[in-house]
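Number of protein chains: 2
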Amino acid sequence: MLDEAEREELAKAGRTRKLKKGETLFTAGMSEAACATLLSGALKITSTDVDGRERILSLVHPSGFVGEMFAPYMRHDVVALGDSELCVFSGPAFAEAIERYPKLSQALLRRTQEDLYASRELLALTGNASAEQRVSGALLSISRAASDSPCHLARRFDLPISRGELADMLGLTIETVSRMLTRFEREGAIRRDGKRGIELVDPALLPLS
Amino acid sequence: MLDEAEREELAKAGRTRKLKKGETLFTAGMSEAACATLLSGALKITSTDVDGRERILSLVHPSGFVGEMFAPYMRHDVVALGDSELCVFSGPAFAEAIERYPKLSQALLRRTQEDLYASRELLALTGNASAEQRVSGALLSISRAASDSPCHLARRFDLPISRGELADMLGLTIETVSRMLTRFEREGAIRRDGKRGIELVDPALLPLS
DNA sequence: CGCCCCGTTGACCTCCATCAAGGAGGGTGG
DNA sequence: CCACCCTCCTTGATGGAGGTCAACGGGGCG
Numbered sequence: 001m002l003d004e005a006e007r008e009e010l011a012k013a014g015r016t017r018k019l020k021k022g023e024t025l026f027t028a029g030m031s032e033a034a035c036a037t038l039l040s041g042a043l044k045i046t047s048t049d050v051d052g053r054e055r056i057l058s059l060v061h062p063s064g065f066v067g068e069m070f071a072p073y074m075r076h077d078v079v080a081l082g083d084s085e086l087c088v089f090s091g092p093a094f095a096e097a098i099e100r101y102p103k104l105s106q107a108l109l110r111r112t113q114e115d116l117y118a119s120r121e122l123l124a125l126t127g128n129a130s131a132e133q134r135v136s137g138a139l140l141s142i143s144r145a146a147s148d149s150p151c152h153l154a155r156r157f158d159l160p161i162s163r164g165e166l167a168d169m170l171g172l173t174i175e176t177v178s179r180m181l182t183r184f185e186r187e188g189a190i191r192r193d194g195k196r197g198i199e200l201v202d203p204a205l206l207p208l209s
Numbered sequence: 001m002l003d004e005a006e007r008e009e010l011a012k013a014g015r016t017r018k019l020k021k022g023e024t025l026f027t028a029g030m031s032e033a034a035c036a037t038l039l040s041g042a043l044k045i046t047s048t049d050v051d052g053r054e055r056i057l058s059l060v061h062p063s064g065f066v067g068e069m070f071a072p073y074m075r076h077d078v079v080a081l082g083d084s085e086l087c088v089f090s091g092p093a094f095a096e097a098i099e100r101y102p103k104l105s106q107a108l109l110r111r112t113q114e115d116l117y118a119s120r121e122l123l124a125l126t127g128n129a130s131a132e133q134r135v136s137g138a139l140l141s142i143s144r145a146a147s148d149s150p151c152h153l154a155r156r157f158d159l160p161i162s163r164g165e166l167a168d169m170l171g172l173t174i175e176t177v178s179r180m181l182t183r184f185e186r187e188g189a190i191r192r193d194g195k196r197g198i199e200l201v202d203p204a205l206l207p208l209s
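Next up, the structure:
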């Protein structure tokens with residue numbers, strides 16, 4: 001999307017930063033406009049409700065974008081799921097870069113639309129679906145993300161997140177997620193391989209497919 | 001954001017279209033890249049799951065943007081909630097306009113980010129919250145949207161959607177929404193005025209506030 | 001008037017959250 | 001090397017929130 005010179009110029013406007021697993025990049029309410037692109041690792045965007053329960057709003061993969069470029073404060077928490085490397089920009093610096101490079105805003109527009117659709121997909125998934133459908137939908141979605149082509153299922157993959165995080169993402173509890181995985185395995189749809197490994201034995205057996 | 005000449009030029013690239021209440025603008029899966037801005041009225045973006053239940057992913061207000069500019073097919077249904085007027089563009093025509101007017105992609109980026117946050121807010125709201133919290137959250141959010149300032153509550157407003165649509169948006173049933181409204185009224189938090197009218201008598205009594 | 005759609009209310013029952021207990025690594029220190 | 005602990009996962013028992021089914025009310029319209 002951007003050419004080499006533009007990329008370099010942009011990189012100079014930001015500053016790289018490393019995060020360890022569990023470290024926080026942004027906190028909701030922080031009165032600062034800043035944003036970042038993820039170079040390696042994985043992040044989660046979360047919000048915490050009044051009774052202290054965490055809800056995962058989005059997972060961020062390398063080349064993903066987080067933060068606020070227009071709003072004066074952060075709307076959500078951003079936390080590293082594993083050791084990660086980012087390129088962080090101040091809000092004004094990034095806004096200036098956008099003015100300077102029209103292609104940048106186009107690229108970002110594209111990516112933001114992807115994020116928007118991912119968010120709506122999650123919304124649809126957690127909407128009226130049963131726990132069974134949510135977990136199977138998440139498995140299929142993660143399998144798709146793990147494969148090279150976006151509409152192809154990876155037969156064998158590792159869950160990028162823990163049971164608890166998966167539960168937080170789906171609006172379920174750890175126990176329910178665990179029960180569903182057990183059920184899918186008993187029914188021969190999947191096979192569990194260690195804590196994180198999943199093999200899709202017969203995806204057609206998963207509800208909703 | 002755009003100046004007058006740009007606006008006019010853009011308007012010429014599109015074609016205005018009127019929709020009556022309930023008419024469909026786009027259907028999910030349609031293999032066509034097209035998009036539109038809403039001039040007046042209101043739209044809903046929905047997805048229908050396997051068992052035929054509809055889920056409202058977003059409400060679109062005037063100056064809102066819907067459709068696909070990059071993807072080759074429509075991901076969701078878009079339906080008019082009331083009589084509406086739009087300016088419709090073909091995907092390629094709009095992509096060209098974006099190339100031509102850098103400010104357009106910046107403006108659209110801003111709006112898309114707003115949509116993204118709205119979507120995530122809804123995600124957070126429908127995540128782990130109880131039916132009580134969801135309905136009260138929706139009331140407050142609609143009240144905020146109905147007032148002139150975005151962080152101020154309108155004391156008296158009309159629900160832009162029916163009970164059924166509100167239920168579809170919150171992942172609840174009509175009956176539950178109805179029961180919650182009854183409860184809020186009994187507890188003195190709101191007063192119902194006809195089918196659609198709501199008056200916030202004591203917003204502090206609403207859970208979660 | 002009679003129909004139809006939308007909303008309300010009640011009775012029941014299902015699904016999932018909650019509470020509780022136990023198992024399986026994996027890391028640390030003796 | 002083993003004992004210990006800690007975190008993550010699994011499994012079971014129980015109860016409650018909300019979905020489902022059913023009946024009724026009321027306003028708009030032909």
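Listed in order, the protein sequences are those of chains A and B.
Under full-length UniProt numbering, think of the first position of the first sequence as 1, with each following residue one higher.
Under full-length UniProt numbering, think of the first position of the second sequence as 1, with each following residue one higher.
From the three backbone atoms N, C-alpha and C, an ideal C-beta is built for every residue, glycine too.
Fair warning: this is a prediction, and the values are worked out from it, not measured in the lab.
In chain A, what lies closer than 7 Å to Asp148(B) by C-beta?
Those do not exist, as Asp148(B) stays about 19 Å from chain A at its closest Cβ, beyond 7 Å.
Is Gly14(A) near Val66(A), with beta carbons less than 8 Å apart?
Result no, Cβ atoms of Gly14(A) and Val66(A) do not sit closer than 8 Å.
When the distance is taken between beta carbons, is Leu205(B) closer than 8 Å to Gly188(B)?
It is a contact, given that the beta carbons lie within the stated cut-off.
Can you round the beta-carbon distance between Glu85(B) and Leu39(B) to whole angstroms, since I take them to be within the 8 Å contact cut?
Right, the Cβ-Cβ distance comes to about 4 Å (below 8 Å), so this counts as a contact.
Three or more C-beta pairs closer than 8 Å, one from the segment 60-74 of chain B and one from the segment 32-48 of chain B: is that the case here?
Flag = yes, the segment 60-74 of chain B and the segment 32-48 of chain B touch.
Going straight from the alpha carbon of Glu175(A) to that of Leu159(B), what length do you get?
Their backbone Cα atoms lie some 38 Å apart in a straight line.
State buried or exposed for Asp148(A), treating a residue as buried only when at least 16 other CB atoms are found within 10 Å of its CB.
Result: exposed.
Just checking: is the beta-carbon of Gly61(A) within a distance shorter than 8 Å of some beta-carbon in chain B?
For clarity, residue 61(A) is His in the given sequence; the question names Gly instead. So no, His61(A) is outside the interface.
Is the segment 41-57 of chain B touching the segment 117-136 of chain A, taking contact as three or more C-beta pairs under 8 Å?
Contact between the segment 41-57 of chain B and the segment 117-136 of chain A is present, because at least three Cβ pairs lie under 8 Å.
Provide the residue span of the alpha helix (DSSP H) that contains Ser141(A), from first to last.
Ala131 to Ala146 is the extent of the alpha helix (DSSP H) around Ser141(A).
Where do the ends of the alpha helix (DSSP H) carrying Val177(B) lie?
Residues Ile174 to Arg186.
Compile a chain-ordered list of the residues in the UniProt domain "Cyclic nucleotide-binding" (1-69) of chain B whose CB is closer than 8 Å to at least one CB of chain A.
Of all residues in the UniProt domain "Cyclic nucleotide-binding" (1-69) of chain B, Ile45, Ser47, Asp49, Val50, Arg53, Arg55, Leu57, Ser58 and Met69 have a Cβ within less than 8 Å of some Cβ in chain A.
Rounded to the nearest angstrom, what separates Thr24(B) and Ala118(A) at their Cα positions?
Looking at the two C-alpha atoms, the distance is approximately 23 Å.
How long is the line joining the alpha carbons of Ala146(A) and Leu153(A), rounded to whole angstroms?
Distance between the alpha carbons of Ala146(A) and Leu153(A): 8 Å.
Which same chain residues end up closer than 8 Å to Val79(A) when comparing Cβ atoms and leaving out the 5 residues on each side of it in sequence?
Gly22, Glu23, Thr24, Leu25, Leu43, Lys44 and Thr46.
Any Cβ of chain B within less than 8 Å of the Cβ of Arg144(A)?
Arg144(A) does not count as touching chain B.
Ala138(B) to Arg111(B), Cα distance in whole Å?
Looking at the two C-alpha atoms, the distance is approximately 21 Å.
Using the beta-carbon count (16 or more within 10 Å), is Ser31(A) buried or exposed?
Result: exposed.
CB Ser136(B) to CB Leu200(B), shorter than 8 Å?
Not in contact: Ser136(B) and Leu200(B) (Cβ atoms no closer than 8 Å).
Quick check for students: name the residue ranges of the alpha helix (DSSP H) that lie wholly in the UniProt domain "Cyclic nucleotide-binding" (1-69) of chain A, counting only runs of 4 or more.
Listed in chain order, they are 4-13.
In angstroms with no decimal places, state the Cα-to-Cα distance between Pro72(B) and Ser105(A).
Whole-angstrom Cα-Cα distance: 21 Å.
Applying a beta-carbon distance threshold of less than 7 Å, which residues of chain B neighbour Leu208(A)?
Per Cβ cutoff of 7 Å: Val50.
I need the boundaries of the alpha helix (DSSP H) containing Ser90(B), first residue and last residue.
Here Ser90(B) belongs to no alpha helix (DSSP H); instead the beta strand (DSSP E) covers Ser84 to Ser90.
Please classify Ala80(A): does DSSP put it in a helix, a strand, or coil?
DSSP places Ala80(A) in strand when its eight states are reduced to three.
Under DSSP, the beta strand (DSSP E) around Asp193(A) begins and ends at which residues?
That run of the beta strand (DSSP E) goes Ile190 to Asp193.
Using a Cβ-Cβ cut-off of less than 7 Å, list which residues of the segment 78-106 of chain A approach chain B; keep chain order.
The segment 78-106 of chain A vs chain B, Cβ under 7 Å: Ile98, Pro102, Ser105 and Gln106.
Going by alpha carbons, who is nearest to Arg53(B) out of Glu185(B), Ile198(B), Arg186(B) and Leu170(B)?
Closest by alpha carbon: Leu170(B).
If we define contact as Cβ-Cβ less than 8 Å, is Ala189(A) a contact residue for chain B?
Cβ-Cβ to chain B under 8 Å: no for Ala189(A).
Consider the Cβ of Gly164(A): report whether some Cβ of chain B lies at a distance smaller than 8 Å.
No, because no Cβ of chain B sits closer than 8 Å to the Cβ of Gly164(A).
DSSP on Gly197(A), reduced to helix/strand/coil?
Strand, per DSSP.
Under the assumption that Leu123(A) contacts Leu122(B) (Cβ atoms under 8 Å), give the Cβ distance between them as a whole number of angstroms.
Their Cβ separation, rounded to whole angstroms, is 6 Å, which keeps Leu123(A) and Leu122(B) in contact under 8 Å.
If you reduce the DSSP assignment to three classes, tell me which class Arg156(A) lands in.
Strand at Arg156(A).
To the nearest angstrom, how far is it from the Cα of Asp168(A) to the Cα of Pro62(A)?
Answer to the nearest angstrom: the Cα atoms are 22 Å apart.
Please classify Asp115(A): does DSSP put it in a helix, a strand, or coil?
Reduced to three states, the DSSP call for Asp115(A) is helix.
Measure the Cβ-Cβ separation of Ala11(A) and His76(A) and say whether it is below 8 Å.
No; because the gap between Cβ atoms is not below 8 Å, this pair is not in contact.
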